[in-house]
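Below is one structure, written out as structure tokens; the observations come after it.
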Amino acid sequence: MQTKPSNWKIVFQNASIGGGISIFLSLVGMVAAFNERYIIADGITFGQITLYAPIFLLTYLSIRSVASTSKSRVFMWGLLSGAIGGSFLALLVLVGNSVNLRAMFINATDELYNIITSGVPLPLGLLVPVLVGAILGGLAAGLYLLSPRWRSTILQASAWVFIFGLMRDLIFTVIIPWGAFGSIVSWMFALNGMTLLGAILLFVFVAFFSYRNYGKKGGDNWVKRLPPRRQKFVRWGAILAGFVVALLLPFILGIFFSEILDNVGIYILMGLGLNIVIGFAGLLDLGYVAFYAIGAYTIAVLTSPELGFAHLTFWQAFPIALFMAVLAGVILGLPVLRLRGDYLAIVTLGFGEIIRLLALSDWLRPFLGGTQGIQQIAQPQIGNFTFNTQQSLYYLILFFIIVAGFVAWRLKDSKVGRTWMAMREDEDVARAMGINTVLTKLLAFGTGAFFSGLAGTLFAAKLGSSYPTSFNFFVSINVLSLIIVGGMGSIPGVFVGALVLIGAPEVLREFSDFRFMFYGAVLVAMMLFRPEGLWPEARRKLELHEEVAPPIEPGQDTPAVLGTQGQ
Amino acid sequence: MDVLVCNKVTKKFGGLMAVSRVDLQVKEASIHSIIGPNGAGKTTLFNCVTGFYTPEEGEILLDGHEITGYSPDRVTKKGIARTYQNIRLFKNMTSVENIMVGMHPHLRSGLLGGIFRDPRTNKEEKNSVEEANRLLAYVGLKGKGDFLSKNLPYGDQRRLEIARALASKPRLLLLDEPSAGMNPSESEDLVDFIRHLRDDLGITIVLIEHHMRVVMSMSEIITVLDFGQKIAEGSPAEIQRNPQVIEAYLGRGAASGLGAPAAASA
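In the order they appear, the protein sequences are chains D and G.
Going letter by letter, the first sequence gives residues 1 to 567 in the working numbering.
Going letter by letter, the second sequence gives residues 1001 to 1266 in the working numbering.
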């Protein structure tokens, strides 16, 4: 065994990492950008939380690995660790005031220094981050010393207050129209964030329930105790209730949020498709955007009067667009499907770029509009009703999500689903079971392309225009990320993933600049702490969190259980 | 009637002759062992028969029909099933699912059937689950249908792999070292089990084996490979006396110095 590093070393290392991350977040401009949003009205801003969260977290981690038995010592280490982290920020302010950091970091502004020092003038202001760090370090130590029950209670309650404060705009829009009920709740929220009283009330409220329910298994349990017929009744009731809420959403949320809802919906559609390709069949497809683009462009070319090829209506062009997407899936699939793993990923990535560049090219400008794109795409119409607002389009998207979700759900537990899974597990053996892997892969590719093409047509209808820039590589990455975050192979996971990765950054506008940093952080955190995803498929959960040690599997890459370091 | 015939099958890897002009006739409903030192080309021969490799020369016939160069899935549909030296189950699927994948050649439902669940598809699914459970019980894994296959103990994994192979209703079953990693009493059970397979289902069985006790006690015919070539073939008694076999296993000096029983316990 390695000799255990000294406590001093652990604390100093962790505190430096925490302070370093805080400086990084400050210099990329995240802190300043988030400082506009208050969590607690006129009190704590989102920026301040971003600034000190790394210090707090790393302090907690270092306390966990410090070997100390007495409470007062743990507390002392906490104070020290927090203070060291805070002093890094003080150092940043000090350096920033003597050297012109802006030459290199455009975000190293006086405004940033003001946030760090809380506006206290300089010599004294340097103490502010050190002091705040130390206080937070003490709190982290206190949290560590609490019983697991109280710790989880406090963490949950704080998380809820944080989320409510963050989502204040959204919650406000939803609640206000509800008359009396709305006015009761609305005093919990000020114009910026939650009121102090509201936050405390919410904290106590959540803490009460979370303390009471600690250790009890998830909410499904009371359902499981019911007789089977009642269980079914409850399940269907829940689905129906969810459906009714889904139907009312655009009215509750209003126009601005409805547009976000449409975007999330389109990504859910794509996610459901890519989930089949990657989650079920295990084919890493990085050019998924290609089929989305083909769906959108087919609708555009066939319906827009600008180019003058055809003046089909949306619904006339619709099946053709889907057919084109599936055809492209099969055409790409045929040569590519002999490749495995990484090679497949690279080729599909290239394919995605080829489609985008074709749409962008001058060569195809007469057909696809080049950089100018194609405008005046026909809106979908049913009878006399035209889907021309964000809210009406939502229903169209919702309809197709239900169809796609149903198809994915049914396929998963069918013979086709099993063959996909078998192929994912071991392609050679799958072939030896009599499975024609080429055909099976084509089926997965085609189905995935179908959903992606479908999402593309709706996207074209939503914008009324189609530009090559909408179909860049990041769309593929977004969809892939949302599947990973939601849980590979899990259908509800796609919905959760889309809400978190697509919905949340759009609701919090200031996130948009840091979107990919956010993705990166979320993905790394997910891989470390919850590799099975937010809403995992039951099977994946079994795979990754094994209670029973699997027999003879040397070199298996199940992530190690996160234990305390240095034990 | 020979179920499987190999005529002068040759497979090269670069300059290495892994299998060189091997002839093999496997009689219907027999238990036929292939033995030989490590690297003799036994598994390569299996891979040629099951379509994983295409032999450079020679032909392979199943029931008199040529299957040389068929892809693995077509070979399976023709009626050959196999297990692997290092167990290759679908680890993250349950036992029942593993077996149901094995039934693939006999299932008719497709994409649309899976989505719309027409009565025929439903019936087929129901039947195959029942059949899978029956097979599980047959190999002695009753009640373990919902276990992820990787969580089964080693011996059960071997059994499950055989059950999965049986699910395709093969004419010919190729077992690649089925007793690997088993203790003597487990291997004895295995011998009984394989005999039952043949007697109950009339399946022809070809196995690669290293445990001489297993080989000698149940094989009707033994083929010996060495450096890719067939060096002997015959009944267990004949093989035990064959000086070439003894030489291949124990070296030149041993062939003259030691008697036949030495090979049997090798």
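Where a beta carbon is used, it is the ideal one built from N, C-alpha and C, also for glycine.
It should be emphasised that the depicted structure is a prediction, and the values quoted were computed from it without experimental measurement.
query	result
Pair within 7 Å by beta-carbon distance, A461 (chain D) and P380 (chain D)	yes
Spatial neighbours of G165 (chain D) in its chain, beta-carbon cut-off 6 Å, leaving aside the 5 residues before and after	I39, G193 and M194
Beta-carbon proximity check, I972 (chain G) vs I1208 (chain G), cutoff 7 Å	Any answer about residue 972 (chain G) is impossible in this case: the structure gives chain G only from 1001 up to 1266.
DSSP three-state assignment for E1059 (chain G), whether helix, strand or coil	strand
Backbone secondary structure at F12 (chain D) - three-state DSSP	helix
Residue-chain proximity (A345 (chain D), chain G), Cβ-Cβ < 7 Å	no
Residues that A432 (chain D) contacts on chain G, provided the C-beta gap is smaller than 7 Å	T1050, P1072, T1076 and R1082
Test: L1045 (chain G) CB closer than 7 Å to a CB of chain D	no
Nearest-angstrom beta carbon gap, T469 (chain D) and T440 (chain D) [assumed within contact, 8 Å]	35 Å between Cβ atoms; not a contact.
4 or more residues per run - each alpha helix (DSSP H) lying fully within the stretch 156-238 of chain D	168-175, 179-186, 196-212 and 221-225
Residue environment, E1097 (chain G), which counts as buried when at least 16 other CB atoms sit within 10 Å	buried
F12 (chain D) versus D:A404, D:L58 and D:A207, residue with shortest Cα-Cα distance	D:L58
Residues that L454 (chain D) contacts on chain G, provided the C-beta gap is smaller than 9 Å	Simply none; closest approach about 15 Å.
Proximity to I1203 (chain G) [Cα-Cα], best of G:L1166, G:M1212, G:P1236 and G:S1185	G:L1166
Any C-beta of chain D under 7 Å from that of V1101 (chain G)	yes
Proximal chain D residues relative to M1093 (chain G), where beta-carbon distance stays under 9 Å	R418, M421, A422, E425 and R539
Cβ-based neighbour list, A444 (chain D), same chain, cut-off 8 Å, excluding 5 preceding and 5 following	I276, V277, F280, A281, L283 and W420
Beta-carbon proximity list for C1048 (chain G), same chain, < 7 Å, skipping 5 on both sides	V1009, K1011, V1019, P1055 and I1060
DSSP state of T59 (chain D) mapped onto helix, strand, coil	helix
Any 3 or more C-beta pairs closer than 8 Å across the stretch 1131-1145 of chain G and the stretch 1089-1104 of chain G	yes
Chain D contact for P1178 (chain G) (CB, 7 Å cutoff)	no
Buried versus exposed, by CB contacts within 10 Å (16 or more), R340 (chain D)	exposed
Residues of the stretch 400-412 of chain D with Cβ closer than 7 Å to any Cβ of chain G, in chain order	V407, R410 and L411
Extent of the continuous alpha helix (DSSP H) to which A345 (chain D) belongs	G341 to L360
Within-7 Å CB hit, V429 (chain D) to chain G	yes
Per-residue DSSP class, three states only, for V1245 (chain G)	helix
Alpha helix (DSSP H) segment containing M1017 (chain G), residue limits	Here M1017 (chain G) belongs to no alpha helix (DSSP H); instead the beta strand (DSSP E) covers L1016 to K1027.
Residue closest to I1153 (chain G), alpha-carbon to alpha-carbon, out of G:D1002, G:M1103, G:V1129 and G:L1089	According to the sequence as given, residue 1153 (chain G) is Pro; it is not Ile. Here the closest residue by C-alpha is G:L1089.
Whole-angstrom distance between D1226 (chain G) and A1040 (chain G), CA atom to CA atom	5 Å
DSSP-derived helix/strand/coil call for A41 (chain D)	coil
Unbroken beta strand (DSSP E) run spanning I1222 (chain G), endpoints	I1221 to D1226
Cut-off 8 Å between Cβ atoms - residues of its own chain near G138 (chain D), not counting five sequence neighbours on either side	F75, G78, L79 and G82
4 or more residues per run - each alpha helix (DSSP H) lying fully within the stretch 268-326 of chain D	289-303
Chain G within 7 Å of K9 (chain D), Cβ atoms only	no
F256 (chain D) to N388 (chain D) span [Cα, whole Å]	15 Å
Nearest-angstrom Cα separation, counted from I1031 (chain G) out to L1175 (chain G)	11 Å
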